[in-house]
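Peer 1: The structure that follows is given in the form of structure tokens.
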DNA sequence: GAGTGGTCTAGACCACGGA
DNA sequence: CCGTGGTCTAGACCACTCT
């Protein structure tokens with residue numbers, strides 16, 4: 001018996017409760033949309049929306065003809081926000097500062113070409129900069145921008161605005177890959193981040209594409225005090 | 001002119017295209033649902049679904065009365081799968097091995113209590129184990145389980161099954177926090193992971209709750225060769 | 001108050017894929 | 001084949017919020 005008026009939210013939460021409280025065990029075939037619609041006194045479309053949300057969250061598995069089952073091996077996903085460095089820092093109430101270290105058009109080394117699946121190593125813009133929070137080094141950014149895809153970047157002024165900030169405003173991406181890892185600070189990175197050489201660093205790498213054309217590869221290095229936190 | 005038959009997918013993609021190709025610039029107020037429905041020859045509900053998906057993805061911002069705008073500061077999110085270690089390793093075609101190092105009921109140290117907001121330090125199960133891929137250390141797991149929330153864990157046998165595997169089957173969580181960071185291998189961790197003491201390690205920490213009750217805190221340490229990858 | 005998005009309904013047809 | 005989920009429609013009412 002559910003006293004609440006029908007709504008995809010209440011239905012979703014009630015079904016979610018039945019799964020969490022193990023009334024429906026993993027692997028159980030749950031009633032069809034029609035049956036649930038009748039039970040909750042709702043339209044099938046409403047039940048459908050509730051079920052789709054749970055399926056998207058990974059706690060239900062739906063197949064035509066076979067029906068809907070409680071996921072046996074819930075492949076749960078979490079989300080993390082793709083931070084824009086200025087917002088990230090200012091959002092915590094810290095003062096954001098930016099320092100351009102270098103920006104030059106040059107040939108890309110082998111590693112970079114390979115990482116971006118580039119045929120030609122020319123027409124690349126190499127930008128290095130530092131982001132600070134409350135005057136303390138927060139992130140060192142080493143970025144390659146593909147001028148063949150984003151020719152406008154040649155005229156961009158990275159003295160006052162970080163390349164990420166410029167890119168979100170001028171070159172939207174359709175596709176991205178994020179990699180996170182741990183590494184050791186090189187001599188350069190150490191002096192910029194004010195840590196000792198060889199100290200652990202948290203590294204994020206992003207590659208973005210627009211319709212299959214690589215836009216940019218960003219190598220983002222944080223001191224080991226950095227935390228990347230997300231909730232589910 | 002859109003030649004495709006109306007469907008929330010085609011509408012979504014077409015709107016997405018207009019934004020990506022800067023036909024609608026960030027901040028633009030786009031036509032209302034009714035108008036779009038007419039343009040695409042679809043019902044308003046169909047347009048609504050397309051718009052909702054784009055809003056959820058962060059590229060549109062919708063407000064009642066104010067209409068729908070192209071997001072100025074697209075707060076984009078990416079998803080990552082919460083891996084179950086066995087699947088993660090076997091999914092790459094590697095052989096999974098598991099080794100229990102210790103499991104004992106003991107008082108939790110201050111740090112752990114604080115992290116879990118626990119009032120009492122008793123009734124905690126401390127489990128340490130190692131996960132290997134192709135006989136190479138892959139992850140060292142140091143976990144605290146709250147027996148007050150999950151009393152059944154006392155009778156669990158962690159000799160053949162990792163605590164994560166046991167928990168997903170016996171104690172679903174309603175809420176979780178994930179933290180990722182870089183650190184240095186302690187002497188213990190170094191010998192277990194077969195790296196040198198002080199070498200960088202990639203650390204993941206998860207805390208899970210069931211209805212506000214803390215279930216477990218897992219501290220997961222990977223050698224620095226580890227990569228966490230996700231796409232958008 | 002009024003305009004916009006948010007949700008629900010009843011009915012319909014379609015597509016997939018298991019039996 | 002045919003039952004199940006996937007999607008669409010036309011219409012309706014509601015909720016929020018800007019003016």
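Residue numbers (full-length UniProt numbering), protein chains in the order written: chain Z, 1 to 232; chain P, 1 to 232.
For every residue, glycine included, the Cβ atom is placed at its ideal position computed from N, Cα and C.
#1: Could one say the Cβ of residue 162 (chain Z) lies closer than 7 Å to chain P's Cβ atoms, at least one of them?
#2: Please confirm if residue 91 (chain P) has its CB atom under 7 Å from at least one CB of chain Z.
#3: Would you mind telling me which residues of chain Z sit closer than 7 Å to residue 14 (chain P), beta carbon to beta carbon, in chain order?
#4: When you compare only the Cα positions, how much space is there between residue 157 (chain P) and residue 209 (chain P)?
#5: Which residue from P:12, P:11, P:17 puts its Cα closest to that of residue 173 (chain Z)?
#6: Candidates Z:197, Z:180, Z:220, Z:199: which alpha carbon is nearest residue 225 (chain P)'s?
#7: Suppose contacts are defined by Cβ-Cβ distances below 7 Å. Is residue 263 (chain P) in contact with residue 103 (chain P) by that definition?
#8: For residue 193 (chain P), verify whether its CB is less than 6 Å away from any heavy atom of the ligand COA.
#9: Please compile the residues from chain P whose C-beta is within a distance smaller than 7 Å of the C-beta of residue 81 (chain Z).
#10: For the UniProt domain "HTH gntR-type" (5–73) of chain P, enumerate the residues whose C-beta is nearer than 8 Å to any C-beta of chain Z, in chain order.
#11: In chain P, what lies closer than 9 Å to residue 179 (chain Z) by C-beta?
#12: Following the continuous alpha helix (DSSP H) through residue 40 (chain Z), name the residue where it begins and the one where it ends.
#13: Identify, in the order they occur along the chain, each residue of the same chain with its Cβ nearer than 7 Å to the Cβ of residue 32 (chain Z), setting aside the five sequence neighbours on each side.
#14: Could you tell me whether the Cβ atoms of residue 78 (chain P) and residue 217 (chain P) are closer together than 7 Å?
#15: Mapping DSSP to helix, strand and coil, what is residue 10 (chain P)?
#16: Can you tell me where the alpha helix (DSSP H) with residue 116 (chain Z) in it begins and where it stops?
#17: Comparing alpha-carbon positions, which option in P:47, P:150, P:191, P:11 lies nearest residue 123 (chain P)?
#18: Do residue 6 (chain Z) and residue 41 (chain Z) come within 7 Å of each other at the CB atom, strictly closer than that value?
#19: Taking CB distances under 7 Å as the criterion, tell me whether residue 137 (chain P) reaches chain Z.
#20: If you follow the beta strand (DSSP E) that residue 214 (chain P) is part of, which residue opens it and which one closes it?
#21: What would DSSP say about residue 44 (chain P), mapped onto helix, strand or coil?
#22: What residue from P:50, P:34, P:35, P:85 has the CA that sits closest to residue 10 (chain P)'s CA?
#23: So what does DSSP say about residue 207 (chain P), is it helix, strand or coil?
#24: For chain Z, check one thing: does any of its Cβ atoms lie closer than 7 Å to the Cβ of residue 3 (chain P)?
#25: Do we get a CB-CB distance below 7 Å when we pair residue 183 (chain P) with the residues of chain Z?
#26: Beta-carbon within less than 6 Å of residue 74 (chain P)'s beta-carbon, same chain only, minus the 5 sequence neighbours each way: which residues are those?
#27: Taking DSSP as the reference, what is the three-state secondary structure of residue 119 (chain Z)?
#28: Reducing DSSP to helix, strand and coil, say where residue 1 (chain Z) ends up.
#29: Leaving aside the five residues before and after residue 214 (chain Z) along the sequence, list all residues of the same chain whose C-beta is less than 8 Å from its C-beta, in chain order.
#30: By Cβ distance, which residues of its chain are closer than 7 Å to residue 1 (chain P), with the 5 residues on each side in sequence left out?
#31: Kindly identify the DSSP beta-bridge partner or partners of residue 63 (chain Z).
#32: At a CB-CB cut-off below 9 Å, which residues of chain P make contact with residue 201 (chain Z)?
#33: Could you give the distance in angstroms between the alpha-carbon of residue 162 (chain Z) and the alpha-carbon of residue 100 (chain Z)?
#34: Looking at the unbroken alpha helix (DSSP H) that takes in residue 166 (chain P), where does it start and where does it end?
#35: I'd like to know if residue 214 (chain Z) contacts chain P, where contact means its C-beta is closer than 7 Å to some C-beta of that chain.
Peer 2: In brief:
#1: No, no contact with chain P.
#2: At a cut-off of 7 Å, the C-beta of residue 91 (chain P) has no neighbouring C-beta in chain Z.
#3: Chain Z residues near residue 14 (chain P): none, gap ~14 Å exceeds 7 Å.
#4: Rounded to whole angstroms, residue 157 (chain P) and residue 209 (chain P) show a C-alpha spacing of 22 Å.
#5: Residue 173 (chain Z) has its Cα closest to that of P:17, out of P:12, P:11, P:17.
#6: Nearest C-alpha to residue 225 (chain P): Z:180.
#7: Absent from the model: residue 263 (chain P). The displayed extent of chain P is 1 to 232, so no value can be given.
#8: Questions concerning the ligand COA fall outside what the structure shown contains, since it holds no ligand whatsoever.
#9: By Cβ distance, chain P contributes 75, 77.
#10: Within the UniProt domain "HTH gntR-type" (5–73) of chain P, the residues whose Cβ lies closer than 8 Å to some Cβ of chain Z are 19, 20, 22, 26, 73, listed in chain order.
#11: What residue 179 (chain Z) touches in chain P: 227, 228, 229, 230.
#12: Residues 33–40.
#13: The beta carbon of residue 32 (chain Z) lies closer than 7 Å to those of 67 in the same chain, with the five residues before and after it left out.
#14: Contact: no.
#15: Here residue 10 (chain P) carries a helix assignment [DSSP, helix/strand/coil].
#16: Start and end: 110–116.
#17: Comparing Cα-Cα distances from residue 123 (chain P) to each of P:47, P:150, P:191, P:11, the minimum goes to P:150.
#18: In contact: residue 41 (chain Z) and residue 6 (chain Z) (Cβ atoms closer than 7 Å).
#19: Not a single CB atom of chain Z sits nearer than 7 Å to the CB of residue 137 (chain P).
#20: Note, residue 214 (chain P): beta strand (DSSP E), 213–223.
#21: Assigned with DSSP and collapsed to three states, residue 44 (chain P) falls in helix.
#22: From the listed residues P:50, P:34, P:35, P:85, the smallest Cα separation to residue 10 (chain P) is found for P:50.
#23: DSSP places residue 207 (chain P) within a strand segment (E or B) once states are collapsed to three.
#24: The predicted position of residue 3 (chain P) is uncertain, since its pLDDT is 41 and thus under 50; no value can be drawn from it.
#25: Taking CB atoms only, residue 183 (chain P) has a neighbour in chain Z less than 7 Å away.
#26: Correct list, in chain order: 58, 59.
#27: When secondary structure is reduced to three states using DSSP, residue 119 (chain Z) falls in the coil class, being assigned neither helix nor strand.
#28: Annotation note: pLDDT 41 at residue 1 (chain Z) (below 50); position unreliable, no value reported.
#29: Around residue 214 (chain Z), the same chain offers 116, 117, 118, 146, 149, 207, 208 as residues with beta carbons nearer than 8 Å, after the five sequence neighbours per side are excluded.
#30: Here residue 1 (chain P) scores only 41 on pLDDT, less than 50, and its place in the model should not be relied on; the value that follows carries that caveat. Excluding residues within five positions, none has a Cβ falling inside 7 Å.
#31: Answer is Z:67, bridged to residue 63 (chain Z).
#32: In chain order, 182, 200 make up the part of chain P whose C-beta sits under 9 Å from the C-beta of residue 201 (chain Z).
#33: Those two C-alpha atoms are separated by around 8 Å.
#34: Counting along the chain, the alpha helix (DSSP H) containing residue 166 (chain P) begins and ends at 163–170.
#35: No, because no Cβ of chain P sits closer than 7 Å to the Cβ of residue 214 (chain Z).
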